[in-house]
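Working notes, beginning with the structure itself.
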Amino acid sequence: MNIKYAERIDRLPKYIFAAIEELKEQKRKEGVDLIPLGIGDPDLPTPGLIVEEMIKQVKDPKNQNYPTSMGEEDYREAVARWNKVRYGLDFNPATEISHVIGGKEGVANIARAFINPGDLVLCPNPGYPVYENGATKFCDGYPYLMPLTKENEFLPDLDALDSATLKKAKMMYLNYPNNPTGAIASKEYLKKVADLAEDNNFFIVFDNPYSEFTFDDYIAPTLLQISQNHVEINSSSKMFNMTGFRCGWAVGNAEIIAGLRKVKSQIDSGGSIFVQKAVIKGLNEYKSEKKPEIVAKSMKIYEERRNVLIKGLNDMGWHTETPKATFYVWTAIPKSEKTSMDFVKKLINIGVIITPGTGFGEYGEGFVRFALTQPVDKIKEALERIKTII
Ligand code: PLP
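Positions 3 to 392 (the working numbering) are the ones given, in order, by the sequence shown.
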């Protein structure tokens, strides 16, 4: 038998993380104590009140059957309420909200409803790889890369997009607070993008899983506060340290939500009802745009880690800016290093695991990403080790 992958599988980029995994494994076998600052998975636990609610809800036989892929009614109502208190926006739970099995599923599946072969999708680069791959390429679409550069504060340079490209664009992915750069977008910038989309008849998928991951009293806006012709995808993963529970939501324009729901109804059977009930409990902690204690508590911890890492790097001669949001620190590699991957390999040798910028696309070259997913003492230890090779 001659088993062949579909061409879209062959269009995926080389999996650069395989080399990192191999090296890590080798170091582990050598007995090196690894400090993982690579993957963006919170090390902090899910808040107790959410876990307790889930335990209560899982015991109820009503919550043990198939869910609906668009999400339970009370879940969609809680998401609507959250959007009202957090952003001051009204959405109809019946038509303008859908559950997603984590933001990743929503980001990928939304393309299935709208992208035909050859359609152009504007994708930030460096960026969350699913925009280009799991979404655009898996629909045989064409990812048009918008470089995020330091000179442009890691925002797509809208003036650099030519009119032919803009006319062809069907959809744009945008993500602020941004992974991997930690950059934020002002309401003025979001207005410019929304106007551009309006003028050129494409819609924006505003991927916003770090909306609550903000420091120093900064409150992140959503694109939907500017225009509701688009869609926001958000999730409990980072907000409530719930990456393992796979529970998020898509909110916005009813036609876009209807398209996503159609796709999902043919592919998945929703996310566990008891998880949705527990997330409702977390969302209901919000009484205003300010973070409730269950979220603020985590953010204080990440803020301290951020400050320790930034100070440590800059004391070594780095010029790393302090991010206002996310739990990532994006920084240029030392001038003596050729590529971000070379530098990452050197760090693995001393047991410090970080992510090369190229893991987020070609325009990530020259940078690396630290995830603040280890306690302060481990971050200090990582800094001590880095000092020995700089
Ligand atoms: N979008 C971005 C930019 C992310 O960084 C992530 C996760 O790291 C996701 C979406 C998906 O998160 P989840 O599927 O856990 O909600």
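Where a beta carbon is used, it is the ideal one built from N, C-alpha and C, also for glycine. Here the structure is a predicted model, which is why all the values come from computation and not from measurement.
- Item | Exercise answer, beta-carbon shell around the ligand PLP heavy atoms below 6 Å | 42, 104, 105, 106, 109, 130, 177, 181, 209, 211, 237, 239, 245 and 250
- Exposed or buried, what is residue 290 when buried is set at 16 or more other beta-carbons lying within 10 Å of its beta-carbon? exposed
- Item | residue 59, buried or exposed, once every other Cβ within 10 Å from all chains shown has been counted against 16 | buried
- Item | Cβ distance (whole Å) where residue 121 is taken to contact residue 172 below 8 Å | 5 Å
- Whole angstroms is fine: what's the gap from residue 288's alpha carbon to residue 50's? 16 Å
- Query: Per DSSP, what kind of secondary structure is residue 250 in: helix, strand or coil?
  - Reply: strand
- From this set, 76, 204 and 90, which residue's C-alpha is nearest residue 125's C-alpha? 204
- Query: Is the segment 265 to 276 in contact with the segment 67 to 85, if contact means three or more CB pairs nearer than 8 Å?
  - Reply: yes
- Task: Take residue 80 as the anchor and find which of 67, 38, 100 and 380 has the nearest alpha-carbon.
- Result: 100
- Query: Count the other CB atoms within 10 Å of the CB of residue 37; is the residue buried (16 or more) or exposed (fewer)?
  - Reply: buried
- On the three-state DSSP scale, how would you describe residue 74? coil
- Query: On the three-pair Cβ rule with 8 Å, is the segment 104 to 123 touching the segment 244 to 252?
  - Reply: yes
- Query: To which residues does DSSP link residue 148 through a beta bridge?
  - Reply: 126
- Quick one: measure Cβ to Cβ for residue 359 and residue 128, integer angstroms, because I've assumed they're closer than 8 Å. 6 Å
- Counting only the same chain and skipping the five closest in sequence on each side, list residues whose C-beta sits under 6 Å from that of residue 143. 117, 121 and 123
- Item | Residues near residue 284 by beta carbon distance below 6 Å, same chain, minus five either side | 52 and 242
- Message: Among 384, 355 and 180, whose alpha-carbon lies nearest the alpha-carbon of residue 29?
- Response: 355
- Task: Tell me, to the nearest whole angstrom, how far the beta carbon of residue 326 is from that of residue 217; I am working on the premise that it is less than 8 Å.
- Result: 6 Å
- Message: I'd like to know if the segment 217 to 226 and the segment 172 to 187 are in contact, where contact means that at least 3 CB-CB pairs between them fall below 8 Å.
- Response: yes
- Determine the contact status of residue 314 and residue 35, defining contact as a CB-CB distance below 8 Å. no
- 6 Å CB neighbourhood of residue 56 in its chain, flanking five on each side removed: 276 and 280
- Query: residue 244 and residue 97: beta carbons closer than 8 Å?
  - Reply: no
- Who are residue 174's beta bridge partners in DSSP? 124 and 206
- Message: Just to confirm my understanding: we take residue 357, look at its own chain, exclude 5 residues before and 5 after, and list those with CB closer than 6 Å. What are they?
- Response: 40 and 371
- Considering only the beta carbon of each residue, do residue 198 and residue 160 sit closer than 8 Å? yes
- The alpha helix (DSSP H) with residue 304 in it runs from where to where? 295 to 317
- Any idea what DSSP makes of residue 378, helix, strand or coil? helix
- In whole angstroms, what is the alpha-carbon distance linking residue 45 and residue 238? 15 Å
- Message: Can you tell me where the beta strand (DSSP E) holding residue 234 begins and where it ends?
- Response: 233 to 237
- Task: Please look up how many angstroms separate the CB atoms of residue 308 and residue 324, rounded, as I've assumed it's under 8 Å.
- Result: 7 Å
- Confirm, please, whether the CB-CB distance from residue 150 to residue 365 is below 8 Å. yes
- Task: Rank 77, 232, 200 and 389 by C-alpha distance to the C-alpha of residue 169 and give the top, closest one.
- Result: 200
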